[in-house]
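Residue numbers (the working numbering), protein chains in the order written: chain A, 1 to 149; chain B, 150 to 298; chain C, 299 to 383; chain D, 384 to 468.
Structure (structure tokens):
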């Protein structure tokens with residue numbers, strides 16, 4: 001289990017290869033990579049800054065992964081979330097989950113993303129031609145998280 | 150869109166990085182990597198051989214990806230499936246889907262895996278201490294595919 | 299009419315062949331009629347097609363059913379439920 | 384009793400501060416009482432807490448609600464709905 005908040009880029013291939021390496025029972029790894037879009041709500045995005053609540057972030061992510069581990073068979077998981085300045089096309093987040101069967105891997109990975117989106121203390125500020133703006137939370141993210149109750 | 154059937158290993162990081170590279174509208178990439186388990190149905194697996202129906206395989210995979218593209222917003226997708234001799238821990242399959250939002254990426258990726266598992270002409274033969282045996286189809290895979298109807 | 303028959307995986311081993319050409323009566327036929335011919339052959343074919351094993355059929359590389367039509371020159375594959383991924 | 388207050392993102396900018404210490408009456412309190420104190424302060428606090436903006440509260444780094452208890456020394460963070468991932 002690996003949970004990291006960092007400014008630097010990460011290597012998706014390395015992270016997925018490292019997950020559950022040598023565990024003979026792992027049958028599949030589901031993952032999600034979130035990217036900075038160059039367009040958002042119709043406007044051009046030149047870049048963004050990700051702020052977080054350092055004392056809480058790790059705890060919140062650990063709690064989300066623990067909830068997933070209580071609901072599905074997880075053999076290993078990694079969550080990496082970047083903070084600081086990011087350019088369009090750069091990776092923001094990686095969630096990867098190794099399990100025995102793919103159903104559990106997919107469900108746990110999507111659950112972690114949905115909860116991260118609504119419960120982990122990160123905030124995005126976008127740079128646009130019209131100036132800076134804080135990204136607003138999407139109602140669809142709340143709905144996605146509610147599905148799992 | 151990239152669909153490949155090959156004997157060689159592939160690089161997950163390269164494939165995910167290459168997906169939708171430069172597409173400003175992509176917000177996320179969901180992926181699944183299937184691995185050869187060293188244990189199956191309680192027995193030790195020393196390796197497996199993957200047979201396929203070459204004239205049909207590509208068509209079948211293209212058709213599955215086209216069905217996914219008709220149901221969800223896909224910006225790009227890659228399916229790589231290996232054939233031939235594979236050892237425990239080696240990757241068998243990669244499905245990765247780039248989309249605007251994560252919900253579509255997750256759904257399309259899982260749909261492609263579920264359909265691949267039940268409609269693409271691949272067959273696994275496992276080498277075990279008790280000799281070789283053809284892997285039997287799992288009823289749970291049929292159920293998983295039926296969910297999408 | 300003639301069809302090209304392919305067998306894969308456990309069925310290839312069971313019938314001891316990967317490929318054959320089969321003559322069917324008439325100019326059009328159906329998968330069901332082909333299966334009847336195979337079932338009537340004796341040996342491993344009769345044995346196999348008397349069971350309720352859920353074999354799959356593809357006609358010209360597309361999954362097909364018992365009522366699917368067959369024409370001269372079609373490629374018909376018979377195989378076990380798939381187990382890739 | 385005293386609590387440490389933290390503001391993040393748009394709220395940090397709106398209140399012009401990231402952190403402050405606040406004195407609350409009594410030895411125990413609740414998030415609702417803290418919010419009442421802030422709403423009564425005037426300026427951007429009164430303005431903000433009069434709206435129905437769906438701000439979030441964490442007590443000691445755990446998401447909390449208006450009825451959540453507060454003790455001396457607690458760290459209370461107030462911030463906008465999160466937008467990571």
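Heads up, the beta-carbon is just placed ideally off N, CA and C, and yes, glycines get one too.
Across the set 321(C), 322(C) and 305(C), the C-alpha of 305(C) shows the shortest separation from the C-alpha of residue 314(C). Under the DSSP assignment, residue 462(D) falls in the beta strand (DSSP E) whose first and last residues are 458-462.
Fully enclosed beta strand (DSSP E) runs of no fewer than 3 residues occupy 196-201 of the stretch 180-227 of chain B, in order along the chain. Note: residue 301(C) is bridge-paired with 320(C) in the DSSP secondary-structure output.
In the three-state reduction of the DSSP assignment, residue 240(B) falls in the strand class, which pools E and B. The Cβ neighbour count for residue 449(D), taken over all protein chains shown within 10 Å, is under 16; the residue is labelled exposed. Of all residues in the stretch 180-201 of chain B, the ones placed with a Cβ closer than 8 angstroms to any Cβ belonging to chain C are 183, 199, 200 and 201, in chain order. For residue 312(C), the secondary structure class from DSSP, reduced to helix, strand or coil, is helix. Residue 32(A) and residue 110(A) have their C-alpha atoms roughly 8 angstroms apart.
Residue environment analysis places residue 113(A) among the buried positions, since at least 16 neighbouring C-beta atoms fall within 10 angstroms of its C-beta.
Note that the C-beta distance between residue 5(A) and residue 57(A) is below 8 angstroms.
Interface annotation, residue 411(D): not in contact with chain A, CB-CB separation never under 8 angstroms.
When only Cα atoms are considered, residue 211(B) and residue 152(B) end up about 7 angstroms apart.
If you compare the alpha carbons of 49(A), 14(A), 28(A) and 101(A) with that of residue 92(A), the shortest gap goes to 49(A). Here the C-alpha atom of residue 290(B) lies approximately 35 angstroms from the C-alpha atom of residue 90(A). Here residue 28(A) really is in contact with residue 101(A); their C-beta atoms are around 7 angstroms apart, less than 8 angstroms. The closest CA to that of residue 277(B), considering only 169(B), 179(B) and 189(B), is found on 189(B). Contact annotation: residue 463(D) and residue 393(D) have beta-carbon atoms nearer than 8 angstroms.
Annotated as distal: residue 286(B) and residue 319(C), with beta-carbon spacing of 8 angstroms or more. Put simply, the CB of residue 414(D) is far from chain A, with every gap to its CB atoms at 8 angstroms or more. The C-beta distance from residue 370(C) to residue 302(C) rounds to 11 angstroms, too long to fall under 8 angstroms, and the pair is not in contact. Rounded to the nearest whole angstrom, the C-alpha separation of residue 99(A) and residue 383(C) is 15 angstroms.
Under the 8 angstroms criterion on CB atoms, residue 466(D) is classed as interfacial with respect to chain A. Rounded to whole angstroms, residue 148(A) and residue 67(A) show a C-alpha spacing of 11 angstroms. Chain-order list of chain B residues neighbouring residue 307(C): 200, 272, 274 and 283, by C-beta distance under 8 angstroms. Per DSSP, reduced to three states, the secondary structure at residue 132(A) is strand.
A distance below 7 angstroms between beta-carbons, with the five flanking residues on each side excluded, links residue 336(C) to the following residues of its chain, in chain order: 343 and 347. Distance from the CA atom of residue 157(B) to the CA atom of residue 373(C), rounded to whole angstroms, is 29 angstroms. When C-alpha distances from residue 84(A) are compared across 124(A), 64(A), 60(A) and 23(A), the shortest belongs to 124(A).
Its chain contains 453 as the residues whose beta carbon lies nearer than 6 angstroms to that of residue 412(D), once the 5 sequence neighbours on both sides are disregarded; these appear in chain order. Identification of chain C residues near residue 175(B) by a Cβ-Cβ cut-off of 8 angstroms yields none; the smallest Cβ-Cβ distance measures about 25 angstroms. When Cβ-Cβ separations below 8 angstroms define contact, residue 120(A) makes contact with chain D. For residue 338(C), there is no enclosing beta strand (DSSP E), as DSSP marks it with neither H nor E. Contact annotation: in the stretch 229-249 of chain B, residues whose CB is within less than 8 angstroms of a CB in chain C are 230, 241 and 242. The residue from 179(B), 164(B) and 196(B) with its alpha-carbon nearest to that of residue 252(B) is 179(B). Across the structure, residue 122(A) and residue 116(A) are spaced so that their CA atoms are roughly 9 angstroms apart.
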